[in-house]
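Trainee: When we follow my numbering, the leftmost residue of the sequence shown carries the number 73, and every step to the right adds one.
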Amino acid sequence: MTMLWLQTVWVDLKAVPVLVLVCCVSLTMALTSFMKSTRYKRVIPEARTKRIKGLEEMRRAVEQHKVMGNSGVDESILHLTLRELCKQLKEGSLTPASVLYSYMEKALEVTKELNCITDYLSESQAQVKELGESGIRGMLYGIPISIKDNLFYKGHDSTCGLSRFINKPEEEDSIIVQVLKKQGAIPFVKTNVPQSLLSYECSNPIFGSTANPYNGNRTSGGSSGGEGALIAGGGSILGFGSDIGGSIRFPASFCGICGFKPTANRLSKKGIKASVAGQKTLEVMIGPMARDVDSLALCMKALLCEDMFRLDPTVPPIPFKDEIYSNTKMLRIGYFESDGYWIPNPSMRRAIRETKQLLEEAGHTLIPFTPPKTYFAMNTIIIPGILADGGASLLKRMDGDIIDPNMKQQFFMCKIPTIIKKILSFLLKPFSPRIADFLKATSGVSSVTLLWEYHNAAEVYSDEYMNQWKKQDLDVLLCPSLGPAFKFGYAGKLIAAASGMSIFNLLNYPAGIVPVSKVSEQDEEELKHYTGYNNDFWDRTFKKAVMGGVGLPLAVQCVALPWQDELCLYFMREVERLVCAKKGI
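#1: Using the beta-carbon count (16 or more within 10 Å), is C274 buried or exposed?
#2: With H, G and I counted as helix, E and B as strand and the rest as coil, what does DSSP make of R290?
#3: Quick check on the DSSP output: what are the complete beta strand (DSSP E) runs of length 3 or more inside the segment 187-244, in order along the chain?
#4: Using C-beta distances below 7 angstroms, list every residue in its chain close to G204, excluding the 5 sequence neighbours before and after it, in chain order.
#5: Alpha carbon to alpha carbon, how far is A369 from A133?
#6: To which residues of the same chain is Y581 closer than 7 angstroms at the C-beta, ignoring the five residues directly before and after it?
#7: Flag this pair as yes or no: are the beta carbons of D384 and K342 separated by less than 7 angstroms?
#8: Under 6 angstroms Cβ to Cβ from V365, same chain only, skipping five residues before and after it: list those, please.
#9: Which ranges does the beta strand (DSSP E) cover as unbroken runs of at least 3 residues, wholly within the segment 574-607, from first to last along the chain?
#10: Around the Cβ of H151, are there at least 16 other Cβ atoms within 10 angstroms (buried) or fewer (exposed)?
#11: Skipping 5 residues on each side, what residues in its chain have a beta carbon closer than 7 angstroms to that of G318?
#12: Tell me whether I149 sits in a helix, a strand or coil according to DSSP, three-state version.
#13: Near T603, what residues of its chain come up, given a Cβ to Cβ distance below 7 angstroms and the 5 sequence neighbours on each side ignored?
#14: Nearest by alpha-carbon distance to A617: which of K240, D545, V651 and P556 is it?
#15: Between the Cα of L375 and those of L339, P388 and E409, spot the shortest distance and give me the residue it belongs to.
#16: Would K565 be called buried (16 or more neighbouring beta carbons within 10 Å of its own) or exposed?
#17: Less than 7 angstroms between the C-beta atoms of L269 and N577, yes or no?
#18: Which term fits N539, buried or exposed, when burial requires 16 or more other beta carbons within 10 angstroms of its beta carbon?
#19: Could you give the distance in angstroms between the alpha-carbon of G350 and the alpha-carbon of L466?
#20: Excluding the 5 residues preceding and the 5 following Q267 in the sequence, name in chain order all residues of the same chain whose CB lies nearer than 6 angstroms to its CB.
#21: Counting along the chain, where does the alpha helix (DSSP H) carrying C652 start and finish?
#22: By DSSP, does C274 sit in helix, in strand, or in coil?
#23: For D547, which residues of its own chain have a beta-carbon under 8 angstroms away from its beta-carbon, when the five flanking residues on both sides are left out?
#24: What separation, rounded to the nearest whole angstrom, lies between the Cα atoms of G294 and K401?
#25: According to the Cβ coordinates, are G256 and L212 closer than 7 angstroms?
#26: In whole angstroms, give me the CA-to-CA distance for V97 and N607.
#27: Measuring CB to CB, does D595 end up less than 7 angstroms from S419?
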C-alpha cells in the first residue's frame, strides 16, 4: 500500500525535499531486499503436496463410487436449488451419496480451472454413510457444503494462507460446523483465502491465486474468494465465509453469487481464526454464500436452532423469523450511489439506478439517503482502529513467511516508521488529500487514552448514522457494491475502496449482495471518462483495475438495521425477484 503512496509522491509532486525522498527510497530498497531474502519455509511445499494428495484421494473416492455401479456427475442434481435438493433428499428420491459424489466430481473440475480448494475433508465419506444409518433428517440433510479455510474442522489446518499455521490441525470443529452436521449437512472441502485474510484478492504463497469463474485474468475476490469461485463454478451449492470488511460480499459481487453478512453474534463465531486477533473496531461475522437468496435464508433458519444456542450460550436465542422473511410488505428504501469517499464507476452507478427503478415500479418507496461523514469514519475510526498497533500484530503473524505479491504493499506500510508516514502525509496533502489522510491514519494509536477516544467516536458515529436512518423512517438501504472483478494485482493497491463494505462492519448492520446485471459496452465507454474522487492515484488505479470488464457480474448491496437479518434477506429476495422477472427467468 505504501508503495502506492510513494509512487504518488513521484507522480503527483513536482518538488519535494531531496532528503526525505532519499530516506524513503533507501527504506524501500532495504525492505525490498529483506522481503526477497525471506526464507522459503519447508512447510509450504509440504502443504502443497498434502493438498495434491487430498485432491487425488477425492478423485479416487469419486471413481470408486462409479465402480460400484453409480453414474458420474448428475447435472440434474447440480441444477437443483438448495430448497429443491433438500426436498428430494428428504423424500428419498435422491440419496446423500449421489448428491455428495456429484458435487465432489464437479468441485474437482472447478478447482482444476480456478484453484479454489485447499483441503479435502475425507471424513465426509464416513459421514454420508452414517446419515443413511442414523435415520436422522435435519433441515440440511444430505447437503454437501464447502467452508472457508479459517473455519475450524477437527483434524485439519486453518492456515489463513500463513505458513505458521501449517501442520497445526484443529482439535475440534467450529460451532458452525457442529450445528451444520447436526442438521445433516456434509462439509466436504475447505477453500482458498488471501494471505492473512487482509485482502480482497484471493492469493497466498501456499496455495496460489484463485481465479474468477468469468475471467481467468481477474480475482475471485477475498477473503472468502475460494468460496465465491467454487459456488459460482457449480462445485458447491452452499458455502461459508467470514466477513470483517467485506470478505463475504467482495467475492459474492465479483463472482456473481449471493452472500450474506449477518448481525455480529447472530451466529456463533467460536472456532474461527481471525486475521488479527483482538481488534474490536470492525465486527467479524460468519455468513452463508450461495447461488440465490432463498438458499441463504434456508441456511440461516437451519443454523438458528437450539443446538446453536446450547453450544454457544453467547449467541442470543433468537430463532429465524420466517414471518418477516416471507412477508410481502412495501418497503421504505433509502438509496445512494456514492458514499462520498469512493466514487463508483459507471457500471456500479447503473446497477443502483436500474435496481431503484425496478423497486419503484413494484410499489416500494425510494428515498435519497446521504451517508453521514464516511470520510471521517474511514480516517478517524476504521483505519486507526484496525491498525491501532501500527500493524505490529500483522507483522508478527507474517514473520519469517514469504510475502505474497498482493500483500507486499500492506506489509511495507506496516514497516514504514511513523515519522516517515507523517512526513509523506504532509507532503501529499495539497495534491492528494484523501491518500494523505489515509496514510496518516495508518500510523497507529499512541496511547490507551487515544484508543478509547476512537472507540467513543465509533459509538457517536453509529448513533449519528442510525438517527439519520430513523429520521427518514427507512426500513432498509440500497447501496453500491464494488465491481466488477478486479484484474490480478490491483486489490492490494486499493484497500480504501472497501469503504462501502467496511462501514457496515463498523456499524454492525446485516448486509448482503445480490447480482443484478453485467458490465455493458456502454459502461465501458463511459469508464473512459471516469475521474472518481479527484482523479488521484487511487482513482486512476481503480479505473485500470476494472477496465475491460464487459460481461462481468454487477451487484448491489442490501442493508438493514442490527438484528433485522430477516428483513435484510427479504429485501435481498425482493431485489432478486424483480431482476429475475425483468430477465424473464
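The beta-carbon is built from N, C-alpha and C at its ideal position, and this holds for glycine as well.
Mentor: Put simply:
#1: Counting from one through the sequence shown, the residue named residue 274 turns up at place 202. The residue is buried, with at least 16 neighbouring Cβ atoms inside 10 Å.
#2: As a position in the sequence shown, residue 290 is number 218, starting the count at 1. Reduced to three states, the DSSP call for R290 is strand.
#3: 189-192 and 216-220
#4: The residue given as residue 204 occupies position 132 in the sequence shown. If we look at G204 and ignore the five residues flanking it on each side, its Cβ neighbours are P168.
#5: Numbered from 1 along the sequence shown, position 297 holds the residue referred to as residue 369. Numbered from 1 along the sequence shown, position 61 holds the residue referred to as residue 133. Taking the straight line joining both Cα atoms gives about 32 angstroms.
#6: For the purposes of this step, residue 581 is taken as the residue at position 509 of the sequence shown. Around Y581: V631, A632, L633 and P634.
#7: Locating residue 384 in the sequence shown gives position 312, counting from the first residue. Locating residue 342 in the sequence shown gives position 270, counting from the first residue. Yes, the Cβ-Cβ distance between D384 and K342 is below 7 angstroms.
#8: Position 293 of the sequence shown holds residue 365. Excluding sequence neighbours, V365 sits near C330, M644, R645 and E648.
#9: 583-590
#10: Translated into the one-based positions of the sequence shown, residue 151 becomes position 79. H151 should be labelled exposed.
#11: As a working note, residue 318 is residue 246 in the sequence shown. If we look at G318 and ignore the five residues flanking it on each side, its Cβ neighbours are Y272, A570, M573 and S574.
#12: To locate residue 149, count along the sequence shown from 1; it is residue 77. Three-state result, I149: helix.
#13: Translated into the one-based positions of the sequence shown, residue 603 becomes position 531. Within the same chain, T603 has close Cβ partners D611.
#14: One-based indexing of the sequence shown puts residue 617 at position 545. Comparing Cα-Cα distances from A617 to each of K240, D545, V651 and P556, the minimum goes to P556.
#15: Residue mapping note: residue 375 aligns to position 303 of the sequence shown, counting from 1. Nearest C-alpha to L375: L339.
#16: What you label residue 565 is simply residue 493 of the sequence shown in a count that begins at 1. Its Cβ being crowded by 16 or more others within 10 Å, K565 is buried.
#17: Sequence index remark: in the sequence shown, residue 269 carries index 197 (1-based). Sequence index remark: in the sequence shown, residue 577 carries index 505 (1-based). No, Cβ-Cβ distance for L269 and N577 is not below 7 angstroms.
#18: Counting from 1 along the sequence shown, the entry for residue 539 is found at position 467. Label assigned to N539: exposed.
#19: As a working mapping, residue 350 is identified with position 278 in the sequence shown. As a working mapping, residue 466 is identified with position 394 in the sequence shown. Going from the Cα of G350 to the Cα of L466 covers about 11 angstroms.
#20: Along the sequence shown, read from residue 1 onward, the residue named residue 267 stands at position 195. Here the set comprises G233, N276, D476 and M479.
#21: Working through the sequence shown from its first residue, we reach residue 652 at position 580. From DSSP, the alpha helix (DSSP H) with C652 extends over D637 to K655.
#22: Residue mapping note: residue 274 aligns to position 202 of the sequence shown, counting from 1. Coil at C274, not helix or strand.
#23: Here residue 547 is taken as the residue at index 475 of the sequence shown, counted from 1. L403, R404, I405, A632, L639 and F643.
#24: Residue numbering aside, residue 294 sits at position 222 when the sequence shown is read from its first letter. Residue numbering aside, residue 401 sits at position 329 when the sequence shown is read from its first letter. Cα-Cα distance, rounded: 34 angstroms.
#25: Locating residue 256 in the sequence shown gives position 184, counting from the first residue. Locating residue 212 in the sequence shown gives position 140, counting from the first residue. It is a contact, given that the beta carbons lie within the stated cut-off.
#26: Start at 1 with the first residue of the sequence shown, and residue 97 comes out as number 25. Start at 1 with the first residue of the sequence shown, and residue 607 comes out as number 535. For V97, the pLDDT reaches just 45, beneath the cut-off of 50, and the residue's location in the model is therefore unreliable, leaving the point undetermined.
#27: By one-based count along the sequence shown, residue 595 stands at place 523. By one-based count along the sequence shown, residue 419 stands at place 347. Contact: yes.
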